[in-house]
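> So the sequence shown is residues 0 to 148, counted in numbering that gives the first Met the number 0. Think of the CB as a built atom: it goes at the ideal place given N, C-alpha and C, for glycine as much as any other residue. Below you will find the structure I want to go over with you.
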Amino acid sequence: MKNVKKITGVLMIMFFLMGSFVSAQDRAINANQLPKTAKNFLAAHFKGIPVNSAIEDREIYGVDEYKVYLTNGMKMEFDSNGNWKEVDGKHQKIPYGFIPASIRNYSTKNFPNTYIIKIEKKRWSYKAELSNGLELEFDRNGNFKRIDD
Numbered sequence: 000m001k002n003v004k005k006i007t008g009v010l011m012i013m014f015f016l017m018g019s020f021v022s023a024q025d026r027a028i029n030a031n032q033l034p035k036t037a038k039n040f041l042a043a044h045f046k047g048i049p050v051n052s053a054i055e056d057r058e059i060y061g062v063d064e065y066k067v068y069l070t071n072g073m074k075m076e077f078d079s080n081g082n083w084k085e086v087d088g089k090h091q092k093i094p095y096g097f098i099p100a101s102i103r104n105y106s107t108k109n110f111p112n113t114y115i116i117k118i119e120k121k122r123w124s125y126k127a128e129l130s131n132g133l134e135l136e137f138d139r140n141g142n143f144k145r146i147d148d
């Protein structure tokens, strides 16, 4: 019975240690520690809006993701190279300069009294959320696919 408790204790410690290594490691970083591409993106499209906080999200396989929170509440996610993955205006209109023209044109033409408050760039598609709550899906070339409900 004593050995069973010992083995159980050792296994519990091993699982605990393995779990702590497997989980992602987030750490606060200074905005100037972001990849150059991300810094250039912020300077070009969010000029004059200070960074409130920046977080480096390190995964097990070394893939980094960066999350940036601006003082106006907006949030951005960047891949390990600093390329934008998501821009969330938190219900505010986001700048359109980096959004593919076909997506800007489609949303402006078909939903004239709305604006884009969030956009996600995935591997094969884009998803844009409008101020009226609709989510529009586009292929990787910016061609409209469907309204996501």
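Which term fits residue 46, buried or exposed, when burial requires 16 or more other beta carbons within 10 angstroms of its beta carbon?
exposed
> Per DSSP, residue 197 is paired with what?
Look at the range of the chain in this structure, 0 to 148, and you will see that residue 197 is not part of it.
> Which residue wins for smallest C-alpha separation from residue 41, given the options 57, 25, 66 and 102?
66
> Buried or exposed, going by whether 16 or more other CB atoms sit within 10 Å of the CB of residue 43?
exposed
> So which of 90, 57 and 93 has the shortest CA-CA distance to residue 80?
Of the candidates 90, 57 and 93, the one whose C-alpha sits nearest the C-alpha of residue 80 is 57.
> Indicate whether the contact test is met: 3 or more Cβ pairs, each with one atom in the stretch 124-141 and one in the stretch 96-112, closer than 8 angstroms.
With the cut-off at 8 angstroms, the stretch 124-141 and the stretch 96-112 touch.
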